[in-house]
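J.: The following block contains the structure, expressed as structure tokens.
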Amino acid sequence: MSSGYNRTDVCNANRQLNQRLRSNATLSKNWPDRGSSLSMNVSHEQDLIDKTNSQTLPNMRYNHGLIHFFPSEKQRKSSDKTLLYEPPEKRLTPSERIAQHSLDDEDEKWYNSLTMSYSTNLRNNRDENLVYNDAGERELHETWRSGMDHNISFKSPQKVIKYLNINPSISYSEDWLLERKKWFLDENGDAYSIQERGFFQRRTFNANLNSTTKIYGYFPINWGTVQTVRHVLTPTIGLRYQPDFSDPEFGYYQQLERTVSVPIIDPDIPDTTYEDVTYSSEQDRYSGSILGGTSRTRQLSTTFSLGNLFQMKRVELDDEGEEIESKLDLFTYNLSTSYNFAADSMRFGDLSANFRASPITAKNQIGPLKQLSVDFTTRHSFYQYDVENNRRVNKFYWDRENASGLNVLRMTSFSTNSRFTISGPSPFAPREVRAESKPDTVDTPRTQENIRRDINDRFGDRSERFTGAGNSPWTITGTARYSLSMDNPMLPRENLQIGATLSLKLTKMWSFSYGTNLNLLTKDIASSNLMVTRDLESWEGTFSWRPQGIGQGFYLKIGIKAPMLRDVKLEQRRGSGPLRQY
5 MSSGYNRTDV CNANRQLNQR LRSNATLSKN WPDRGSSLSM NVSHEQDLID
55 KTNSQTLPNM RYNHGLIHFF PSEKQRKSSD KTLLYEPPEK RLTPSERIAQ
105 HSLDDEDEKW YNSLTMSYST NLRNNRDENL VYNDAGEREL HETWRSGMDH
155 NISFKSPQKV IKYLNINPSI SYSEDWLLER KKWFLDENGD AYSIQERGFF
205 QRRTFNANLN STTKIYGYFP INWGTVQTVR HVLTPTIGLR YQPDFSDPEF
255 GYYQQLERTV SVPIIDPDIP DTTYEDVTYS SEQDRYSGSI LGGTSRTRQL
305 STTFSLGNLF QMKRVELDDE GEEIESKLDL FTYNLSTSYN FAADSMRFGD
355 LSANFRASPI TAKNQIGPLK QLSVDFTTRH SFYQYDVENN RRVNKFYWDR
405 ENASGLNVLR MTSFSTNSRF TISGPSPFAP REVRAESKPD TVDTPRTQEN
455 IRRDINDRFG DRSERFTGAG NSPWTITGTA RYSLSMDNPM LPRENLQIGA
505 TLSLKLTKMW SFSYGTNLNL LTKDIASSNL MVTRDLESWE GTFSWRPQGI
555 GQGFYLKIGI KAPMLRDVKL EQRRGSGPLR QY
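Each residue of the sequence shown is one higher than the last, beginning at 5 in the numbering used here.
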């Protein structure tokens with residue numbers, strides 16, 4: 005395709021507007037026996053108007069599976085992928101399971117839980133951008149950036165006095181770069197830099213310690229089929245330490261100082277006199293690098309979280325009079341905050357709260373209603389807000405004037421989400437197909453087709469019975485979302501959207517879905533999407549179309565369904581925005 009093809013294709017307005025060419029190729033490999041993976045990516049993007057372009061040549065990422073330094077016999081057995089078959093374990097009673105769990109804990113030593121994980125990422129970018137030369141003309145300037153990072157994490161979760169779980173961890177990162185900045189100060193005290201070539205290493209680390217336990221409370225009710233309500237309380241405390249890497253001992257920041265003589269302009273003094281002015285600055289030598297700048301935030305913080313789970317136990321009688329127990333999660337309510345000892349002010353982090361309830365799930369669905377959930381999330385600040393300067397100030401919110409007794413924290417955000425799902429058989433399905441089949445009591449001649457169907461039924465393959473149009477189930481999913489942000493109390497921002505998605509399997513091979521989201525505050529359609537999928541046995545075809553809203557356009561893909569060959573595909577797209585995620 006020529007470089008002017010998009011501009012000369014007058015029959016397609018979208019192609020005329022699209023003045024960038026993109027190509028991308030990814031190769032990945034997994035080693036399940038080691039839990040490792042390797043991926044390589046090469047891409048190219050070019051602007052057809054000014055000829056600027058960007059390439060990755062290539063990017064490579066490797067992840068190594070979890071390594072046990074001193075694995076126990078149980079850990080070694082669970083990680084041995086050469087065992088193709090393992091006989092099923094004996095079914096144990098609750099008391100036997102508790103005893104077996106205690107024996108397993110006794111066999112585990114503290115050093116059996118010491119593990120390490122490793123990952124590395126190689127990045128190579130080449131860019132050509134327009135810059136002005138000495139003659140004031142624009143020309144393409146080539147820039148190469150390369151870097152490689154190594155990340156190692158050590159963990160050793162332990163159980164203390166049977167009830168307290170602690171998890172210490174240390175993370176270490178080492179970056180390899182081929183360039184960094186060398187900074188200078190000019191006569192006005194402004195910093196400027198030049199590129200310094202070579203092989204440079206940057207090492208950073210942090211340490212974490214988390215501890216958690218569970219506390220159980222029971223409330224006997226004995227009301228109808230409900231026997232007990234259980235409250236599971238999960239407190240968690242975490243500690244985190246990270247040094248300030250701008251400290252001169254690390255050498256990642258350059259300390260600059262320059263003294264210049266500045267003339268003193270005074271009409272009462274006939275002769276020109278000078279005074280010395282000293283400028284100082286601190287600059288990151290790795291700012292703007294392909295691996296990012298160097299953190300200069302010292303952290304010595306603790307996090308607090310409190311999880312609350314309420315569950316209900318029911319006992320019902322079946323048709324034979326046997327008791328059947330069932331457990332249902334009623335709702336969860338979680339709180340979390342933090343405190344940074346290293347901060348010079350405003351050490352308390354925001355208090356986050358989340359409430360979630362799912363009264364209807366797959367375990368207790370009601371007719372076609374398969375799922376219903378609702379959740380609320382809030383964030384509160386401990387500090388006052390200065391409206392005039394548009395920032396938080398180091399004053400507790402409860403210390404303000406005319407503060408009420410209950411309003412001790414300032415709410416900065418609130419959001420709520422609700423979701424439901426209903427589904428069922430197609431109303432167009434023949435009644436004899438949807439009805440539950442009953443065994444025949446009269447012997448009838450069995451044809452070869454009946455025998456084949458009976459074999460399929462015995463092995464759970466009933467797909468051929470649902471090959472007619474409309475014989476497959478339908479699903480409707482509805483959502484409602486509301487959010488309110490009040491970081492600045494004088495400029496609140498709110499959003500209210502409702503959405504619905506219809507999914508219908510037309511035949512065994514064809515499926516259809518359509519979804520839309522409506523903004524009730526602006527009365528606009530936020531997004532809509534239509535998708536048609538065709539099963540092609542080993543292949544699969546997908547057509548997606550966004551007729552309006554964000555990311556208008558369409559996307560067509562025909563590819564292999566096998567996970568290892570998902571990158572083998574033919575695709576065509578028009579438009580921009582979310583369609584690019586394919």
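Glycine included, C-beta positions come from ideal geometry on N, C-alpha and C.
Since this is a predicted model, take the numbers as computed values, not measurements.
DSSP beta-bridge partners for TYR66?
T.: As a first step, residue 66 is located in the sequence shown; it is residue number 62 there, counting from the start. Answer by DSSP bridge pairing, in chain order: LEU42, THR124.
J.: What whole-angstrom Cβ distance do SER385 and TYR343 have, given they're in contact under 8 Å?
T.: Your numbering for residue 385 matches position 381 in the sequence shown. Your numbering for residue 343 matches position 339 in the sequence shown. The Cβ separation is near 14 Å, so there is no contact.
J.: Please state if the CB of MET350 and the CB of ASN394 are separated by a distance shorter than 7 Å.
T.: Locating residue 394 in the sequence shown gives position 390, where the first residue counts as 1. Locating residue 350 in the sequence shown gives position 346, where the first residue counts as 1. Not closer than 7 Å, so no.
J.: Let me check understanding here. Comparing Cα to Cα, which of TYR196, ALA407, ASN133 lies closest to ASN57?
T.: Start at 1 with the first residue of the sequence shown, and residue 57 comes out as number 53. The candidate whose alpha carbon is nearest that of ASN57 is ASN133.
J.: How would you label LYS565, buried or exposed, when you count the other beta carbons within 10 angstroms and need 16 or more for buried?
T.: Working through the sequence shown from its first residue, we reach residue 565 at position 561. Label assigned to LYS565: exposed.
J.: Would you list the residues sitting across from ARG485 in a DSSP beta bridge?
T.: Counting from one through the sequence shown, the residue named residue 485 turns up at place 481. Per DSSP, ASN421, GLN501.
J.: Between which residues of its own chain and MET44 is the CB-CB distance below 6 Å, once the five residues before and five after are set aside?
T.: Start at 1 with the first residue of the sequence shown, and residue 44 comes out as number 40. Here the set comprises LEU31, PRO62, MET64.
J.: What does the alpha-carbon distance come out to for the pair PRO567 and SER157?
T.: Here residue 567 refers to the residue found at position 563 of the sequence shown. Here residue 157 refers to the residue found at position 153 of the sequence shown. Between PRO567 and SER157, the C-alpha separation is close to 29 Å.
J.: Taking the beta carbon of LEU569 as the centre, do at least 16 other beta carbons fall within 10 Å, making it buried, or is it exposed?
T.: Against the sequence shown, residue 569 aligns to sequence position 565. The residue in question, LEU569, is exposed, as its Cβ has fewer than 16 Cβ neighbours within 10 Å.
J.: Using C-beta distances below 6 Å, list every residue in its chain close to ALA211, excluding the 5 sequence neighbours before and after it, in chain order.
T.: Here residue 211 is taken as the residue at index 207 of the sequence shown, counted from 1. Same-chain partners within the cutoff: ILE174, TYR245.
J.: Please report the distance separating the alpha-carbon of LEU70 from that of TYR122.
T.: Taking the sequence shown and counting its residues from 1, one reaches residue 70 at position 66. Taking the sequence shown and counting its residues from 1, one reaches residue 122 at position 118. Using only the alpha carbons, I get a separation of about 8 Å.
J.: Can you give me the start and stop residues for the beta strand (DSSP E) that ILE328 sits inside?
T.: Working through the sequence shown from its first residue, we reach residue 328 at position 324. Start and end: 327-344.
J.: Rounded to whole angstroms, what's the CA-CA distance from GLY193 to SER250? Just pull it up for me.
T.: Within the sequence shown, the letter at position 189 stands for residue 193. Within the sequence shown, the letter at position 246 stands for residue 250. Between GLY193 and SER250, the C-alpha separation is close to 20 Å.
J.: Is the beta carbon of LEU181 closer than 7 Å to that of SER293?
T.: Taking the sequence shown and counting its residues from 1, the one referred to as residue 293 is at position 289. Taking the sequence shown and counting its residues from 1, the one referred to as residue 181 is at position 177. In contact: SER293 and LEU181 (Cβ atoms closer than 7 Å).
J.: If you draw a straight line from the alpha carbon of LEU647 to that of ASP270, how long is it in whole angstroms?
T.: As displayed, the chain neither begins before 5 nor continues past 586, which places residue 647 out of reach and without an answer.
J.: The beta strand (DSSP E) spanning GLY292 covers which residue range?
T.: Taking the first residue of the sequence shown as 1, we reach residue 292 at position 288. Taken as a continuous stretch (DSSP letters only), GLY292 belongs to no beta strand (DSSP E), as it is neither H nor E.
J.: Decide if GLN501 is buried, meaning its Cβ has at least 16 other Cβ atoms within 10 Å, or exposed.
T.: Within the sequence shown, residue 501 is the residue found at index 497, counting from 1. Its Cβ being crowded by 16 or more others within 10 Å, GLN501 is buried.
J.: On a Cα-Cα basis, can you pick out the residue from GLU279, ARG142, PHE223, ASP288 that is closest to PHE254?
T.: Position 250 of the sequence shown, counted from the first residue, corresponds to residue 254. Nearest C-alpha to PHE254: ASP288.
J.: Which residue wins for smallest C-alpha separation from THR341, given the options ARG383, ALA347, LEU355, PRO36?
T.: Residue numbering aside, residue 341 sits at position 337 when the sequence shown is read from its first letter. The shortest C-alpha separation from THR341 is found at LEU355.
J.: Just mark ASP153 as buried or exposed, buried being the case when its beta carbon has 16 or more other beta carbons within 10 Å.
T.: Working through the sequence shown from its first residue, we reach residue 153 at position 149. Classification of ASP153: buried, given that the 10 Å Cβ count is 16 or more.
J.: Check ASN155 in the structure and name its three-state DSSP category.
T.: As a working note, residue 155 is residue 151 in the sequence shown. Three-state DSSP puts ASN155 in a strand.
J.: With which residues is PRO239 paired in a DSSP beta bridge?
T.: As a working note, residue 239 is residue 235 in the sequence shown. According to DSSP, PRO239 bridges with LEU310.
J.: Using only CA atoms, which one of ARG550, THR282, SER197 lies nearest to ASN533?
T.: By one-based count along the sequence shown, residue 533 stands at place 529. Answer by Cα proximity: ARG550.
J.: Mind checking who LYS33 pairs with in its DSSP beta bridge?
T.: Start at 1 with the first residue of the sequence shown, and residue 33 comes out as number 29. LEU42.
J.: Let me confirm a value: THR416 is counted as buried when at least 16 other C-beta atoms fall within 10 Å, else exposed. Which label applies?
T.: Taking the first residue of the sequence shown as position 1, residue 416 is located at position 412. Buried, by the Cβ-count rule.
J.: In the DSSP assignment, the beta strand (DSSP E) including GLN205 goes from what residue to what residue?
T.: Position 201 of the sequence shown, counting from 1, holds the residue named residue 205. Element bounds for GLN205: 195-216.
J.: Can the beta-carbon of LEU376 be found closer than 7 Å to that of PHE335?
T.: Here the question's residue 376 lines up with position 372 in the sequence shown. Here the question's residue 335 lines up with position 331 in the sequence shown. Taking 7 Å as the Cβ cut-off, LEU376 and PHE335 do not qualify as a contacting pair.
J.: Grab the span of the beta strand (DSSP E) containing PRO267 for me, first residue to last.
T.: Stepping through the sequence shown from its first residue, residue 267 is reached at position 263. PRO267 -> beta strand (DSSP E) spans 257-268.
J.: DSSP beta-bridge partners for GLU544?
T.: In the sequence shown, counting from the first residue as 1, residue 544 sits at position 540. DSSP lists ASP539, GLY563 as partners of GLU544.
J.: In the DSSP assignment, find the beta strand (DSSP E) that holds GLU178 and state where it starts and stops.
T.: Position 174 of the sequence shown, counted from the start, is the residue given in the question as residue 178. GLU178 -> beta strand (DSSP E) spans 168-189.
J.: Candidates VAL236, VAL266, GLN556: which alpha carbon is nearest LEU313's?
T.: Counting from one through the sequence shown, the residue named residue 313 turns up at place 309. LEU313 has its Cα closest to that of VAL236, out of VAL236, VAL266, GLN556.
J.: Using beta-carbon positions only, say whether SER548 and THR479 come within less than 7 Å of one another.
T.: On the sequence shown, residue 548 is found 544 positions in, with the first residue counted as 1. On the sequence shown, residue 479 is found 475 positions in, with the first residue counted as 1. Contact: no.
J.: Assuming VAL233 contacts ILE225 under a Cβ cut-off of 8 Å, what Cβ separation, rounded to an integer in Å, is found between them?
T.: Counted from its first residue, the sequence shown places residue 233 at position 229. Counted from its first residue, the sequence shown places residue 225 at position 221. That pair is a contact at about 6 Å.
J.: For HIS72 and ASN169, what's the separation of their Cα atoms in angstroms?
T.: As a position in the sequence shown, residue 72 is number 68, starting the count at 1. As a position in the sequence shown, residue 169 is number 165, starting the count at 1. Their backbone Cα atoms lie some 19 Å apart in a straight line.
J.: Taking DSSP as the reference, what is the three-state secondary structure of ASP403?
T.: Locating residue 403 in the sequence shown gives position 399, counting from the first residue. Helix at ASP403.
J.: Does DSSP put ILE250 in a helix, a strand or coil?
T.: Locating residue 250 in the sequence shown gives position 246, counting from the first residue. The amino acid at residue 250 is misidentified as Ile; the sequence shows Ser. In this structure, SER250 counts as coil in the three-state DSSP scheme.
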